[in-house]
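*Asks:*
There are 2 protein chains.
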Amino acid sequence: MARPRQFDEQDVVARATDLFWRRGYHATSVRDLGEELELTPSSMYRTFKDKHTLFLRALDHYRATESTQAEERLGAGDRPSRDALRDWLLWLVTCPTDDGAARGCLVVNTATELGTTDPEVSRRTEAAFEVTRAALRSLLHEGRDRGELPATLDVDAAVELLFTTVLGLRVRERAGHDLDRLTTTVDTALRALGA
Amino acid sequence: MARPRQFDEQDVVARATDLFWRRGYHATSVRDLGEELELTPSSMYRTFKDKHTLFLRALDHYRATESTQAEERLGAGDRPSRDALRDWLLWLVTCPTDDGAARGCLVVNTATELGTTDPEVSRRTEAAFEVTRAALRSLLHEGRDRGELPATLDVDAAVELLFTTVLGLRVRERAGHDLDRLTTTVDTALRALGA
DNA sequence: CTAGTATGGGAACGATCGCTCCACAAGTTG
DNA sequence: CAACTTGTGGAGCGATCGTTCCCATACTAG
């Protein structure tokens, strides 16, 4: 209808996500965002309303990319479920360190930074958490049904422990803990699953 | 030598700790601190140099009180080590919710908010983490030596898993997850310890 | 009581915060 | 081409940021 945009909205959201991921919500200013996204304030505010809304978009983008990718990696497989789980856990702890900076998981960082103070944020972090748990649950069920995991395994309980371990791993990765110890943790968690 | 202070430094640090704990570093302004601590800027800056240094004091205070209390609770006991561990884990997840607000653990919140960007902060969070691990390690050794835990238990590996689980529990508590599920997690973690 | 010294109160500094506004640019529509 | 619509650039809004400075205050030492 009129003048076309000079930027790709998805790309801009992706870069905003990256910045929020590395620095957190409060430590990221709109000017930082403007520079990183090569966007003037007017374009940014016209497109995204305000910083808070852009942050929600970033959370949604993260869920749609990183989280979804994680779920796919976990689900994909005719491999033994234990191997799939191990690869997935190690990937969680290894992958995000592509630029050398330890940034953990945006959802975990956000949940701890903002706590329960922001309902719109909380809804999104909880939704992301629930997706992870569901993926773990289905993998464990599958593994148990295929006889790769003990028939006596209490899946729901195991999911809680695994999920909690994942959060802990994310924190440790953000804190820069070395990979060897995180790998030990992963293997110990897996051993705890089997009899 | 001169005019005496109208405030107790320890008390002020304690209240600053509380505020940083609830809101995080970046979201807590000097003016917020001034109100909460009933301290004018001049007194605050004269006493603590600047916001960052006050925050380091808060971290140290947290380690000297909350963390130390936690370590004592874990160590204290002629009770079976498994019971001691269970009580401790549940206390970690229950206690901090005294004013209704879920605030998690200051060390975990700080580690995820600031990552590895601030060396002075990182040193303190890592030290706090290491104290927790050491306490867990000695408890597990004791339990194994007393025959309450399997003689085959790989203590170091178990410490990694338990420690990671603790971090995950702290995140979940901050995120407002309900106590029942956290309790399930604790019990599952303990079951994973024994054979 | 006087001199000396550290503190408390609070105005205000420059910088930055999130955000708005408006003139101009760049397209579409007739 | 003119009329219209939407996007861009950037100055700049009021508020707040972390911090400093000055002065009256309240204490100790002699």
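Sequence lines, in order, name chains F and H.
Here the first sequence stands for residues 4 to 198, numbered as in my numbering.
Here the second sequence stands for residues 4 to 198, numbered as in my numbering.
Even for Gly, the Cβ is constructed at its ideal location relative to N, Cα and C.
List, in order along the chain, the chain H residues whose C-beta lies closer than 7 Å to that of Ala161 of chain F?
*Replies:* Chain H residues near Ala161 of chain F: Thr191.
*Asks:* Comparing alpha-carbon positions, which option in H:Val15, H:Glu12, H:Ala30, H:Thr135 lies nearest Phe166 of chain H?
*Replies:* When each option's Cα is compared against that of Phe166 of chain H, the closest is H:Thr135.
*Asks:* So, are the CB atoms of Ser46 of chain F and Phe10 of chain F less than 9 Å apart?
*Replies:* Closer than 9 Å, so yes.
*Asks:* CB-CB under 8 Å to Thr97 of chain H, same chain, minus the five flanking residues each way: which ones, in chain order?
*Replies:* Leu182, listed in sequence order.
*Asks:* Using a Cβ-Cβ cutoff of 7 Å, what residues of the stretch 170-183 of chain F are near chain H? List them in chain order.
*Replies:* Correct list: Leu170, Gly171, Leu172, Val174, Arg175, Arg177, Ala178, Gly179.
*Asks:* Using a Cβ distance threshold of 8 Å, determine whether the stretch 16-35 of chain H contacts the stretch 53-64 of chain H, with at least three qualifying pairs required.
*Replies:* Touching, per the Cβ criterion.
*Asks:* When you compare only the Cα positions, how much space is there between Glu116 of chain H and Arg177 of chain H?
*Replies:* When rounded, the distance between both Cα atoms is 13 Å.
*Asks:* Would DSSP call Met4 of chain F helix, strand or coil?
*Replies:* Correct three-state label for Met4 of chain F: coil.
*Asks:* By the criterion of Cβ-Cβ separation under 8 Å, what are the contact partners of Gly107 of chain F in chain H?
*Replies:* Those within 8 Å of Gly107 of chain F in chain H are Thr115, Gly118.
*Asks:* Mapping the DSSP letters down to three states, classify Pro44 of chain F as helix, strand or coil.
*Replies:* Here Pro44 of chain F sits in helix by DSSP.
*Asks:* Using a Cβ cut-off of 7 Å, which residues of the stretch 8-37 of chain F contact any Cβ in chain H, in chain order?
*Replies:* Listed by position along the chain: Gly27, His29, Ala30.
*Asks:* Using 8 Å as the cut-off, can you tell me whether the stretch 118-131 of chain H makes contact with the stretch 140-152 of chain H, which would need three or more C-beta pairs spanning the two stretches below that distance?
*Replies:* Touching, no.
*Asks:* Can you give me, in chain order, the residues of the stretch 133-166 of chain F that have a beta carbon less than 8 Å from any beta carbon in chain H?
*Replies:* The residues in question are Asp157, Asp159, Ala160, Ala161, Glu163, Leu164, Phe166.
*Asks:* So, does the CB of Ser70 of chain H fall closer than 9 Å to a CB anywhere in chain F?
*Replies:* Judged by the 9 Å Cβ criterion, Ser70 of chain H is not in contact with chain F.
*Asks:* Sort H:Thr43, H:Arg34, H:Leu22 by Cα distance to Arg8 of chain H and report the nearest one.
*Replies:* With distances taken between Cα atoms, Arg8 of chain H lies closest to H:Thr43.
*Asks:* Would you report the Cα separation of Ala138 of chain H and Asp14 of chain F, rounded to the nearest angstrom?
*Replies:* If you take the alpha carbons of Ala138 of chain H and Asp14 of chain F, they lie about 47 Å apart.
*Asks:* At 7 Å on the CB atoms, spell out the chain H contacts of Val111 of chain F, in chain order.
*Replies:* Chain H residues near Val111 of chain F: Thr115, Val174.
*Asks:* Do we get a CB-CB distance below 9 Å when we pair Arg194 of chain F with the residues of chain H?
*Replies:* Yes, its Cβ sits closer than 9 Å to a Cβ of chain H.
*Asks:* By Cβ distance below 6 Å, which residues in the same chain neighbour Thr20 of chain H in space, the five residues on each side in sequence not counted?
*Replies:* Within the same chain, Thr20 of chain H has close Cβ partners Ala61, His64, Tyr65.
*Asks:* Return the CA-CA distance between Ser70 of chain H and Arg49 of chain F, expressed in angstroms with no decimal places.
*Replies:* Answer to the nearest angstrom: the Cα atoms are 47 Å apart.
*Asks:* Return yes when the Cβ of Glu39 of chain F is within less than 9 Å of the Cβ of Thr188 of chain H, no when it is not.
*Replies:* Against a cut-off of 9 Å, the Cβ pair of Glu39 of chain F and Thr188 of chain H comes out as no contact.
*Asks:* Rounded to the nearest angstrom, what separates Ala105 of chain H and Ser125 of chain F at their Cα positions?
*Replies:* Near 13 Å, if we compare the C-alpha coordinates of Ser125 of chain F and Ala105 of chain H.
*Asks:* Between the C-alpha atoms of Thr119 of chain F and Arg6 of chain F, what's the straight-line distance to the nearest angstrom?
*Replies:* Answer to the nearest angstrom: the Cα atoms are 41 Å apart.
*Asks:* For a contact defined as C-beta to C-beta under 8 Å, what are the partners of Thr168 of chain F on chain H?
*Replies:* Within chain H, the residues near Thr168 of chain F are Leu164, Thr167, Thr168, Gly171.
*Asks:* Which residue marks the beginning of the alpha helix (DSSP H) containing Ala195 of chain F, and which one marks its end?
*Replies:* Residues 182-196.
*Asks:* Give me the residue from H:Arg194, H:Val174, H:Glu12, H:Leu196 with the minimum Cα distance to Cys108 of chain F.
*Replies:* Nearest option by C-alpha distance: H:Val174.
*Asks:* Expressed to the nearest angstrom, what Euclidean distance is found between the alpha-carbon atoms of Glu12 of chain F and Asp35 of chain F?
*Replies:* Their backbone Cα atoms lie some 17 Å apart in a straight line.
*Asks:* Check whether the Cβ atoms of Ser141 of chain F and Gly78 of chain F lie closer than 9 Å to each other.
*Replies:* In this structure, Gly78 of chain F lies closer than 9 Å to Ser141 of chain F by Cβ.
*Asks:* Please check the pair Leu172 of chain H and Leu185 of chain H, which I expect to be a contact at CB under 8 Å, by giving their CB distance rounded to whole angstroms.
*Replies:* Indeed they touch by this definition, with Cβ atoms about 6 Å apart.
*Asks:* So is Glu129 of chain H in contact with chain F if we call contact Cβ pairs under 9 Å?
*Replies:* So, interface residue.
*Asks:* Secondary structure at Lys52 of chain H, three-state DSSP: helix, strand or coil?
*Replies:* Lys52 of chain H falls in the coil class under three-state DSSP.
*Asks:* In this structure, how does DSSP classify Arg136 of chain H when only helix, strand and coil are distinguished?
*Replies:* In this structure, Arg136 of chain H counts as helix in the three-state DSSP scheme.
*Asks:* Can you name the residues of chain H whose CB is closer than 9 Å to the CB of Thr97 of chain F?
*Replies:* Within 9 Å Cβ-Cβ: nothing; Thr97 of chain F doesn't reach chain H, min ~16 Å.
*Asks:* Can you look up Gly107 of chain F in the DSSP assignment and give me helix, strand or coil?
*Replies:* Residue state, collapsed to three classes: coil.
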